[in-house]
Each structure stands twice: as structure tokens, then as C-alpha cells.
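In the numbering used here, the protein residues as written are 67 to 465.
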Amino acid sequence: MRRFVWLVGTLLLAIAPSFAVLAQAGRQDAATQRAVTYIRTQQAPDGSFAGFGAGSTADAIYALVAAHVNPAEVKKGQASAIDGLVKLAPEASKDAGITAKFILAALLVGQNPRALGGDDLVATLEQGFNAATGRYGKDITSHALALLALRAAGVTVRPAAIVALEKLQLPDGGWSFDGASATGSDTNTTALAYQALVSTGGTDQAKQKAVAYLHAQQNADGGFPYSQTSKFGNASDANSTALNLQAILSSGEPLTGWAKNGKTPLDRLLAFQNPSGAFRFQDAQPADNQLATYQAIPAVEGKPFPLEVIAVAQPAQPAQTAGPGLPSTAATGATAAATAVTTATPEATVQPILAVPTPTGTGPARLPDTGVLPAPFLPVALFGLAIVAAGLLARRRHA
């Protein structure tokens with residue numbers, strides 16, 4: 067009997083991590099579906115989404131795609147989310163950061179960013195490059211988004227733009243929103259800058275300093291504030307926690323290394339969800355928050371920028387590839403991609419091109435390895451436990 071109890075106990079200990087994996091996946095799926103239900107209520111009759119200007123529609127599309135929901139099927143009346151994106155493209159082109167967000171959103175839904183609503187957003191973004199500063203846009207967030215968008219669109223990112231981003235890194239390893247050291251680093255800008263460097267091939271030194279900065283900014287509850295020195299306080303908020311979780315995912319580090327008092331950033335992010343399915347900005351501001359909800363879902367679903375599937379118009383001539391699943395980064399790569407997409411119509415056939423190596427399975431991409439046993443081990447272990455138990459009981463009856 068003692069031997070039987072020992073065997074059962076050993077097997078239960080072995081499969082316990084699998085129960086944890088299944089429970090966590092279930093929490094993520096439930097949170098995502100509830101959030102999608104809320105996001106649908108925020109759609110306007112023209113297909114766009116409420117929030118803070120045109121960029122909110124791009125953010126909502128990121129969330130829908132991350133949740134494996136087709137934005138073409140998310141409609142308010144006859145207008146889909148894609149219709150809303152197309153309608154707002156001219157407005158988006160007025161700001162580098164929003165232009166970059168619309169390029170990413172267009173690529174995610176198979177639209178041509180060089181002919182979105184009659185605007186060539188890729189050309190608009192490239193024309194905004196400041197050769198004197200090496201920057202796109204007026205702030206570092208816009209610059210980082212521009213690098214992510216251009217890389218995703220198959221454009222060879224200017225080395226000067228990457229160097230400029232690294233030069234703007236402050237001594238503490240972070241970046242400030244406006245690039246000025248007087249304002250101090252913040253986690254949101256740093257998380258985006260880090261993902262831009264990962265996507266475009268920044269130096270290891272800059273990336274390591276950024277990760278160290280984010281570690282120093284994390285709160286005891288596992289979440290992240292805008293910054294520890296913000297004049298508005300240092301309480302964790304959903305937006306910052308989501309962006310930093312995406313940066314962690316981009317780094318490939320296991321979430322267990324970011325646990326505080328037994329809570330990971332994912333745990334803290336999920337705790338911000340309200341009964342409506344929306345996420346609140348902070349616990350002290352419990353109202354449903356549109357932007358917090360849009361930004362939370364890609365992080366909950368384990369997708370850093372530039373998210374998962376990137377599509378560009380199929381080139382007229384086969385392009386030389388730099389490797390499996392990667393677009394060409396040769397000197398002629400940008401010209402070829404630009405020519406191919408420029409001459410395509412908005413209805414052109416699109417082919418997926420992965421901007422970075424990412425999983426392409428039909429199931430939702432999940433978090434990096436956390437050191438626990440995979441869920442498929444669970445049924446095997448339970449089957450083994452049943453066989454052992456039956457065998458021992460049979461022996462006892464025979465005796």
C-alpha cells in the first residue's frame with residue numbers, strides 16, 4: 067500500500083506543472099474572448115474604433131488579429147474593421163507614428179500599405195526621414211514604430227536610423243518619449259525601442275542595457291508603471307505592463323525570470339481585466355479603458371511587435387531570399403520590394419512573408435518556455451497512472 071501511495075504521489079507531482087500550463091492557457095483564452103466581445107462594442111458605423119484618434123483603429127486590429135479574429139468579419143452594419151482602416155488612412159498619413167501603425171495594421175489584414183485609401187503610406191513614412199538626425203517623426207515612439215513598420219513591409223531599414231535609436235538610449239538603459247535626457251526614461255518608449263532593435267538587428271549591448279532597465283522598473287506586483295519616477299506615480303498600469311510583456315516575449319527570456327512574489331507580468335496584466343471584458347488602466351482608475359484593452363490582447367496572446375503574420379504584395383519577379391521565411395536584406399531588396407508593391411493594386415494578391423521567425427501553426431502562439439512540462443504530457447501521465455493503479459490493485463486482489 068505504501069508503495070502504491072508513493073507511486074501515485076510521484077506521478078501527481080510530475081504532472082502538476084501540466085495542470086498549471088492548462089490552467090494558464092485557459093485563463094488567457096477566456097480573457098481574450100471576453101476582451102474581443104468588448105472590442106466589438108467599440109466599433110463605429112464606419113468600421114473604425116473608439117479611443118484616442120486614428121491610431122486606436124490600428125490598435126484594435128492588432129488585438130483582433132492576435133485573438134485570431136478576422137477583422138473583415140468584424141462589422142458595424144455593413145462596414146468592417148478594414149473599411150475603417152482604409153477610411154482613416156489619409157488622416158493617419160499626417161503623423162509618422164500613426165502612419166507606421168497603419169502600415170503594420172494593413173499588412174496584418176492583407177491590405178497594400180502602398181495603396182491604402184489612395185495613400186502610399188510606406189512612401190510617406192520614408193519621405194519623413196530626417197537625414198540630419200537619422201530619425202522618423204517627432205518622438206522616439208514614432209521612430210521605433212517606423213523601424214518596425216518598414217522592416218515588416220520588406221523595406222531595408224536605413225542603418226543610420228538604427229544607429230540613431232541606439233544613440234538616444236540614456237545611461238540607465240532606457241529611452242525617453244521625446245529623446246531628451248531631462249524628461250527621463252520611461253518603460254513604454256523603452257519597450258517599443260527594444261522591440262524595434264530586436265526586429266532590425268540592433269547591437270547586443272544596447273538590447274542588454276534595455277532589459278536591465280526594464281528589470282529595474284518592474285513593481286513588486288509583477289507589473290510595470292510608466293516609470294518609477296513619473297510625477298503621476300509609479301503604480302502598475304495595464305498599458306505599460308502589456309508593452310513590457312511584449313518586450314519580454316521579444317527577448318525570449320522565460321517569464322519565470324520576471325516573477326515577483328509569485329506573479330509574472332502576465333498574471334498582473336490579466337488582473338486588470340474588468341467584468342465587462344475590458345481592461346482598466348490602473349486599479350485606482352477602474353473604468354473600462356479602450357486603449358488598455360486594445361494593447362493588452364497581443365501581450366496576453368504572446369505576440370510581440372511586429373506581431374505574427376506580415377503580408378506584402380507579391381513581387382512580379384521572384385526575390386532573392388536571405389533565408390527560410392525571411393525577406394531579402396540585400397542592397398537591392400528595398401528597391402525590388404518598393405517597386406513590386408507600388409505597381410500592385412489594392413486588390414493585389416498578397417503572400418505572407420514573416421518579418422521575424424515566428425510560429426505559423428493554426429493554434430494561438432503562446433508564451434516562451436517557462437521551464438514547465440508541456441501540456442501534452444498530461445494525458446500520457448494520467449494514462450500511466452491508471453495502468454499502475456490497476457496493476458497494483460489486481461496484484462493485491464490476487465494475493
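For every residue, glycine included, the Cβ atom is placed at its ideal position computed from N, Cα and C.
Three-state secondary structure assigned by DSSP to residue i
| i | result |
| --- | --- |
| R224 | coil |
| R106 | helix |
| R201 | strand |
| Q144 | coil |
| D95 | helix |
| N355 | strand |
| D185 | strand |
| R180 | coil |
| F115 | strand |
| K167 | helix |
| D252 | strand |
| Q348 | strand |
| A276 | helix |
| K233 | helix |
Rounded straight-line distance, which links the Cα of residue j to that of residue i
| i | j | result |
| --- | --- | --- |
| K233 | A248 | 15 Å |
| A162 | Y260 | 19 Å |
| S306 | D125 | 15 Å |
| G117 | A138 | 20 Å |
| S469 | Q271 | Within the shown structure, residues of the chain are numbered from 67 to 465, placing residue 469 beyond reach of any answer. |
| R224 | R217 | 10 Å |
| H281 | K326 | 11 Å |
| G194 | G203 | 7 Å |
| A141 | Q109 | Residue identity differs from the one stated: residue 141 is Lys in this sequence, not Ala. Roughly 8 Å between the two C-alpha positions. |
| V375 | L258 | Because V375 carries a pLDDT of 45, less than 50, the predicted location of this residue cannot be relied on, and no value is offered for it. |
| G389 | D354 | Summary for G389: the model assigns pLDDT 31, below 50, so the residue's position carries little reliability, and this model does not support an answer. |
| L315 | F290 | 15 Å |
| S251 | Y292 | 9 Å |
| R201 | G220 | 19 Å |
| I105 | S122 | 11 Å |
| I127 | G323 | 31 Å |
| N178 | P320 | 35 Å |
| K369 | A313 | 10 Å |
| G92 | N196 | 47 Å |
| G135 | T98 | Per the sequence presented here, residue 135 reads as Val, with Gly not at that position. Between V135 and T98, the C-alpha separation is close to 10 Å. |
| A215 | L170 | 6 Å |
| I148 | P156 | 14 Å |
| S265 | Q94 | 25 Å |
| A301 | N285 | 8 Å |
| K273 | S317 | 9 Å |
| D112 | G245 | 36 Å |
| A262 | P352 | 31 Å |
| Q235 | I228 | 11 Å |
| P341 | A350 | 16 Å |
| L309 | T253 | 8 Å |
Cut-off 7 Å between Cβ atoms - residues of its own chain near residue i, not counting five sequence neighbours on either side
| i | result |
| --- | --- |
| L311 | P331, L332, L335, A365 |
| T428 | Here the model assigns T428 a pLDDT of 30, short of 50, so the residue's position is not dependable, and the following value carries that caveat. So the list is empty, once near-sequence residues are dropped. |
| T255 | I206, T207, W241, S242, F243 |
| K329 | D287, G288 |
| H209 | R201, Y202, G203, L231 |
| G239 | K275, A276, A278, Y279 |
| T199 | A230 |
| A212 | A162, A166, L191, Y202, G203 |
| Q356 | Q108, A116, G117, S122 |
8 Å Cβ shell around residue i - same chain, five flanking residues per side excluded
| i | result |
| --- | --- |
| A101 | A129, A133, Q339, G343, A344, F345, T359, A362, I363, V366 |
| F298 | Y292 |
| L154 | S114, A120, T123, F168, G183 |
| A226 | A197, G200 |
Burial state of residue i (16 or more Cβ within 10 Å)
| i | result |
| --- | --- |
| T295 | exposed |
| F168 | buried |
| V175 | buried |
| T269 | exposed |
| K160 | exposed |
| V152 | buried |
| T165 | buried |
| D185 | buried |
| T222 | buried |
| T103 | exposed |
| G437 | For G437, the predicted structure reports a pLDDT of 32, less than 50, and the residue's modelled location is therefore unreliable. A value from the coordinates is still provided. So G437 counts as exposed. |
| P372 | buried |
| A96 | exposed |
| Q144 | exposed |
Proximity test, residue i beta-carbon vs the ligand ZN heavy atom, cut-off 7 Å
| i | result |
| --- | --- |
| T98 | The model depicted lacks the ligand ZN and carries no ligand whatsoever. |
Neighbour flag for residue i against chain D, beta carbons, 8 Å
| i | result |
| --- | --- |
| K142 | The structure shown contains no chain D; it holds only a single protein chain. |
Nonlocal neighbours in the same chain, by C-beta distance under 6 Å from residue i, ignoring five residues either side
| i | result |
| --- | --- |
| A158 | A120, I164, T165, F168 |
| D303 | F347, Q348 |
| G150 | D112, G113, S114, T123 |
| V131 | L174 |
- prompt: Enumerated in chain order, which unbroken segments of the beta strand (DSSP E) with a length of 3 residues or greater are wholly contained in the segment 277 to 354?
  reply: Within the segment 277 to 354, complete beta strand (DSSP E) segments of at least 3 residues are found at 345 to 348, given in chain order.
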